[in-house]
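Asks: Chains as they are written, first to last, in our numbering: chain A, 78 to 292; chain B, 78 to 292.
Backbone N, C-alpha and C fix where the C-beta goes; we use that ideal spot for every residue, glycine too.
If you're wondering where the values come from, they're calculated on a predicted model, not measured in any experiment.
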Ligand SMILES: Nc1ncnc2c1ncn2[C@@H]1O[C@H](COP(=O)(O)OP(=O)(O)OP(=O)(O)O)[C@@H](O)[C@H]1O
Ligand SMILES: Nc1ncnc2c1ncn2[C@@H]1O[C@H](COP(=O)(O)OP(=O)(O)OP(=O)(O)O)[C@@H](O)[C@H]1O
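(1) Are three or more beta carbon pairs between the stretch 234–250 of chain A and the stretch 268–281 of chain A nearer than 8 Å?
(2) Would you say the stretch 223–242 of chain A touches the stretch 257–271 of chain A, given that touching needs at least three Cβ pairs under 8 Å?
(3) Can you round the beta-carbon distance between residue 80 of chain A and residue 137 of chain A to whole angstroms, since I take them to be within the 8 Å contact cut?
(4) Does the distance from the CB of residue 104 of chain A to the CB of residue 124 of chain A come in under 8 Å?
(5) Less than 6 Å between C-beta atoms, sequence neighbours within five positions excluded: which residues of the same chain meet that for residue 155 of chain B?
(6) Would you kindly work out how many angstroms separate the C-alpha atoms of residue 203 of chain A and residue 132 of chain A, rounded to a whole number?
(7) Tell me whether residue 281 of chain A sits in a helix, a strand or coil according to DSSP, three-state version.
(8) Near residue 210 of chain A, what residues of its chain come up, given a Cβ to Cβ distance below 6 Å and the 5 sequence neighbours on each side ignored?
(9) Consider the Cβ of residue 99 of chain A: report whether some Cβ of chain B lies at a distance smaller than 8 Å.
(10) Using the C-alpha atoms, what's the distance from residue 194 of chain A back to residue 100 of chain A?
(11) Determine the direct distance from the alpha carbon of residue 252 of chain A to that of residue 269 of chain A, and round the result to whole angstroms.
(12) Measure the beta-carbon distance from residue 174 of chain A to residue 285 of chain A and round it to whole angstroms, keeping in mind my assumption that it falls under 8 Å.
(13) Ordered along the chain, which non-local residues of its own chain (more than five positions away) have a Cβ less than 7 Å from that of residue 293 of chain A?
(14) Who does residue 221 of chain A pair with in a DSSP beta bridge?
(15) If the cut-off is 9 Å on Cβ atoms, which residues from the stretch 149–173 of chain A count as contacting chain B, listed in chain order?
(16) Could you check where the beta strand (DSSP E) with residue 191 of chain A kicks off and where it finishes?
(17) Just to confirm, is the Cβ distance from residue 223 of chain B to residue 232 of chain B under 8 Å?
(18) When you get a sec, list the residues whose CB is within less than 6 Å of any heavy atom of ligand 2, chain order please.
(19) Of all the beta strand (DSSP E) runs that stay within the bounds of the stretch 221–268 of chain A, which reach a length of 3 or more residues?
(20) Within 8 Å of any Cβ in chain A, is that where the Cβ of residue 286 of chain B sits?
(21) With a threshold of 16 other CB atoms inside 10 Å of the CB of residue 122 of chain A, please say whether the residue is buried or exposed.
(22) Going by DSSP in three states, residue 88 of chain A sits in which element: helix, strand or coil?
(23) Pick from B:106, B:273 and B:153: whose alpha carbon is nearest that of residue 178 of chain B?
(24) Any residues in the stretch 244–266 of chain A with a beta carbon nearer than 7 Å to a beta carbon of chain B? Which ones, in chain order?
(25) Determine, for residue 290 of chain A, whether the minimum Cβ-Cβ distance to residues of chain B falls below 8 Å.
(26) Run through DSSP, which three-state label would residue 120 of chain A get?
(27) Please classify residue 127 of chain A as buried or exposed, where buried requires at least 16 neighbouring CB atoms within 10 angstroms.
(28) If you measure from the beta carbon of residue 88 of chain B to each beta carbon in chain A, is any gap under 8 Å?
(29) Quick one: Cα of residue 118 of chain A to Cα of residue 258 of chain B, how far?
(30) Have a look at B:94, B:102 and B:283 and flag the residue whose alpha-carbon is nearest the alpha-carbon of residue 78 of chain B.
(31) Using a C-beta cutoff of 8 Å, does residue 79 of chain A count as contacting chain B?
(32) Quick one: Cα of residue 92 of chain A to Cα of residue 196 of chain B, how far?
(33) Let me confirm a value: residue 219 of chain A is counted as buried when at least 16 other C-beta atoms fall within 10 Å, else exposed. Which label applies?
(34) Could you list which residues in chain B have their beta carbon closer than 9 Å to that of residue 228 of chain A, in chain order?
(35) Note down the Cα distance separating residue 160 of chain A from residue 180 of chain A, rounded to an integer number of angstroms.
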């Protein structure tokens, strides 16, 4: 895919680089020359330009792109640019928002998808802080998710049958991460080892409880 | 747990609120009165103060807290504060970083964990952009992860046995999300319905392929 990323702050620059690494053709735009120079080597094209200037956007051939991501925090600028891009006929315009009012306006002017990077990360970090052995967390429903939990010491050397998490905590083990190996939907006869990380699914409270579980 | 969050920008304010919702006692601090007022109703205590002023921190009793999260983007301020908190004896000090150099310094002055909210979110969004039917993505290993993928139209009405993703794409279905219901490690006889979201595990390339799969 051809993707344009406008605004190369912490979020935009990492997005442009990750998309390039996934094999997409990336046009990175920022009004700040320094931001453009820093990214020039990791993307297909890097250009200094003002994203809210219609004539410049047309000259850059932005209408040829499959998707544009408006990644700057300035509320007025991002709304202006999203409106312009939809008027120019781009099929998919995504944007990041600072708060829910900003998101509401972006959606009204035609944004196809809006993300809140800081908020979504804050929710994940809040889950991880609460339970030190929860390495990472991925929300599936409001109070239900997938957690990556370091195997509790008391479980090392035991089989999945004997730790019996399904009945004790109503948590299912989906994967055992053992270094760079993944044991997907492991057999109940599998024995847990020190250093294993369990990828489990369950209620948030049950995942947090697994964290301080002493069998 | 008692957790102090200093710096109530987009990330810090969402972190303080999420931690409060998870039932923790939260002290929220910011040097800007407006930020403090906005959060006052959703946390236990909200105080206007400068996080880099040692006398103020001691007066606030910050040493009584189990964990402090330094959530401001100002590099010098966050390094100063992290150093101070470790000198005052706090057991767990976490901080957010703007880039890898900032993270390196935070770790050297004693930060117990450092996150890059914008970078981590950018990686997730990059995976999601690449494949429109991939609703969300959670990295397990460098090129292997868990994806939430809207069920491809051609699969509706078919059983898991007949779509046979394991052999076709080397992707395993861990969960079927059906509205607010979760079918965990579903039976192979389960029939897929319109609107289902499949939580699958596999290589990044296989998850992206599932996105445009026409049986
Ligand atoms: N109209 C514009 N055209 C092009 N680039 C712009 C425009 N407005 C802002 N930018 C650029 O977007 C980048 C990010 O902007 P800003 O700092 O406002 O957002 P932010 O949300 O704080 O970023 P992040 O959180 O990703 O670091 C900056 O590099 C800035 O130069
Ligand atoms: N020394 C300090 N003591 C207390 N609060 C501070 C201090 N320095 C900055 N802050 C506050 O931290 C908050 C976030 O700061 P800043 O805008 O620098 O970070 P940011 O990384 O851009 O935030 P975000 O991306 O989370 O919106 C602001 O509300 C600011 O008032």
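Replies: According to the structure data:
(1) yes
(2) yes
(3) With a Cβ gap of about 13 Å, residue 80 of chain A and residue 137 of chain A do not count as contacting.
(4) yes
(5) 147, 149 and 172
(6) 44 Å
(7) helix
(8) 226, 227 and 288
(9) yes
(10) 23 Å
(11) 12 Å
(12) Actually they do not touch by this definition, with Cβ atoms about 29 Å apart.
(13) Because residue 293 of chain A is not part of the residues shown, which for chain A are 78 to 292, the question remains open.
(14) A:218 and A:280
(15) 150, 169, 171 and 173
(16) 190–192
(17) no
(18) A:195, B:83, B:84, B:85, B:86, B:87, B:88, B:89, B:106, B:107, B:108, B:109, B:112, B:127, B:128, B:129, B:149, B:150, B:151 and B:154
(19) 221–227, 249–255 and 258–261
(20) no
(21) exposed
(22) helix
(23) B:153
(24) 249, 251, 252, 254, 257, 259, 261 and 262
(25) no
(26) coil
(27) exposed
(28) yes
(29) 46 Å
(30) B:102
(31) no
(32) 8 Å
(33) exposed
(34) Chain B residues near residue 228 of chain A: none, gap ~16 Å exceeds 9 Å.
(35) 13 Å
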